[in-house]
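Numbering (our numbering), first residue to last: -2 to 162.
Worksheet for the structure shown next.
Right, dumping it as C-alpha cells:
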C-alpha cells in the first residue's frame, strides 16, 4: 500500500505540468480613463470618465507652480444649472495673485472638493490628483456638447509642448 504523500505526488504531477505550460505573468489592458485628461490654454484640466458623462476639473501642476502657495480656494455652489465653457467655476488665491478657475467644457457642477476649504495647500502638493485626497476642484456632469468640447482640448503631450514655449 502506497503512502498518502506518495499518492498526492502522483496526482499532483500532471497538474504541475499543466501549470508550467501557462505563462507566469498576467496581462492587463490600459483603459481610456488614463488617456482622457485634457488641458486648456488657461491651465485647467478635465479628466473625463470612460462613459463621457462625468468628469473632474482642476488646475495643472504648471499653474500651481506659477501661483505659489495657495491660501484660499473658492468653490462654486451646486445650482443644478449647466455652466458654459470658459465661465468661472471657482477661484484660487495665493500669496502672489488670485485667479478664476474656468470651466474647460460645458458642464454642471455636481460637487466641490471641500477639503480645499480647510487645506488649500493641497493644490500645491497634488494639483492633478482626482482622488479623495487630491487637489481637484470640482466634479461635474457632462452633456454631449461638453464631451465634444473635451475632445478639442490639448492632451498631455500637446500641453507639455504648449507650456515649454
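Virtual Cβ for every residue (Gly too), placed ideally from N, Cα, C.
Taking residue 92 as the centre and dropping the five residues before and after it, the same chain places the C-beta of 65, 66 and 68 closer than 8 Å to its C-beta, in chain order. Taking C-beta separations shorter than 8 Å and ignoring five residues to either side along the sequence, the partners of residue 132 in its chain run 55, 56, 61, 110, 113, 119, 120, 121, 122, 123, 124, 125 and 126, following chain order. The Cβ-Cβ distance between residue 103 and residue 139 falls below 9 Å. Taking every protein chain shown into account, the CB of residue 44 has 16 or more other CB atoms within 10 angstroms, so this residue is buried. Under the three-state reduction of DSSP, residue 50 is assigned to coil, being neither helix nor strand. For the pair residue 161 and residue 154, the Cα-to-Cα distance works out to about 11 Å. In this structure, residue 100 and residue 86 form a Cβ contact; the two beta carbons are roughly 5 Å apart against a cut-off of 8 Å. Rounded to the nearest angstrom, the Cβ distance from residue 117 to residue 53 is 17 Å, too far for a contact under 8 Å.
In the structure shown, the three-state DSSP call for residue 109 is strand. Taking 9 Å as the cut-off, the Cβ atoms of residue 148 and residue 105 do not count as close. For residue 98, the enclosing beta strand (DSSP E) stretches over residues 95 to 99. Distance check between residue 50 and each of 152, 157, 137 and 159 places 137 closest, using alpha-carbon atoms only. Cβ-Cβ separation between residue 107 and residue 75: approximately 6 Å, consistent with a contact (criterion under 8 Å).
Scanning 158, 145 and 159 for the CA closest to the CA of residue 33 turns up 145. Short of 7 Å from the beta carbon of residue 59, and not among the five residues preceding or following it, lie these beta carbons of its own chain, in chain order: 40 and 160.
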